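Numbering (this note's numbering), first residue to last: 155 to 325. The beta carbon of each residue, even a glycine, is placed where N, CA and C say it ideally should be. The structure displayed is predicted, hence computed values, not measured ones. Below: the structure, in structure tokens.
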Amino acid sequence: IMQLGVKRISVKAPAKNPNITLAWKVPKIDPKALDSKDPFALDVLSAILDGHANARLNRSIVKKQRLADSIDASYDSIGRGPQLFMVSAVPATNRSLGQIEAAVKESLATIVKEGVTAAELNRVKTQLLAGQIYKRDSVFGQAMEIGISEVNDISWKNIDRLVEATQQVTS
């Protein structure tokens, strides 16, 4: 069944702090269509939004606007079943979940309208490439990468191709 609109779920449980998670259904890497650009762009977007202490969401929503105590973006391009692009946050004192939702949507709209800067793009691509290189420093890291790829029907022979596709992402 295809989802045609917004779906909201509120969960009430004993907790000290509220939390908000915004999630979007997104494509994952399709082993039969490795040339699809969307999963690689989403990997880069996730890192631009939340790849370091001064990433967009943290800089804007936590440090500048002081709407949240913490915020993060996540996306996994490889996995079984449908995948989600998620942004989660814990609101600061006297801030509402609605304020955070509006600020996240505004940040995403800015990227849609203006793109990302060359500096952001280069920093993230360098971080992602370095992560791939560091994984290969150990036999365990290599085995994990090969195993995860193979379990998800992506041949280990295509791992370098996936790294190259990430490096090809543009604003």
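message = Using only the alpha-carbon positions, how far apart do A273 and S164 sit?
response = Using only the alpha carbons, I get a separation of about 38 Å.
request  = Report the residue from N171, G159, D184 whose alpha carbon sits nearest the alpha carbon of V305.
outcome  = Nearest option by C-alpha distance: D184.
request  = Kindly identify the DSSP beta-bridge partner or partners of Y288.
outcome  = Answer is none; Y288 lacks a bridge partner.
query = Who are the near neighbours of Y229 in its chain, counting only those whose CB is closer than 6 Å to its CB and skipping five residues on each side?
reply = Around Y229, the same chain offers L196, S200, F239 as residues with beta carbons nearer than 6 Å, after the five sequence neighbours per side are excluded.
ask   = Looking at the unbroken beta strand (DSSP E) that takes in V244, where does it start and where does it end?
value = Note, V244: beta strand (DSSP E), 237-245.
query = Hey, out of P181, A187, L158, V198, whose CA is closest to S325's CA?
reply = Closest option to S325, Cα to Cα, is V198.
request  = Ignoring anything shorter than 3 residues or poking outside the stretch 180-262, list the beta strand (DSSP E) runs there in chain order.
outcome  = With a minimum length of 3 residues, the continuous beta strand (DSSP E) runs that stay inside the stretch 180-262 are 222-229, 237-245.
message = Just to confirm the assignment, what range does the alpha helix (DSSP H) spanning A319 have?
response = Residues 313-321.
query = Since W178 sits in a beta bridge, which residues does DSSP pair it with?
reply = In DSSP, W178 forms a bridge with F239.
task = Return helix, strand or coil for K279, following the three-state DSSP convention.
result = Secondary structure of K279 (DSSP, three-state): helix.
ask   = Among D307, A222, L203, which one has its Cα closest to the Cα of T247?
value = When only C-alpha atoms are compared, the closest one is A222.
ask   = For V266 versus I202, is the C-beta spacing smaller than 8 Å?
value = No; because the gap between Cβ atoms is not below 8 Å, this pair is not in contact.
CB contact flag (A257, I215, <8 Å) = Yes, Cβ-Cβ distance for A257 and I215 is below 8 Å.
task = Assign N212 to buried or exposed, taking buried as 16 or more other Cβ atoms, counted over all protein chains shown, within 10 Å of its Cβ.
result = The residue in question, N212, is buried, as its Cβ has 16 or more Cβ neighbours within 10 Å.
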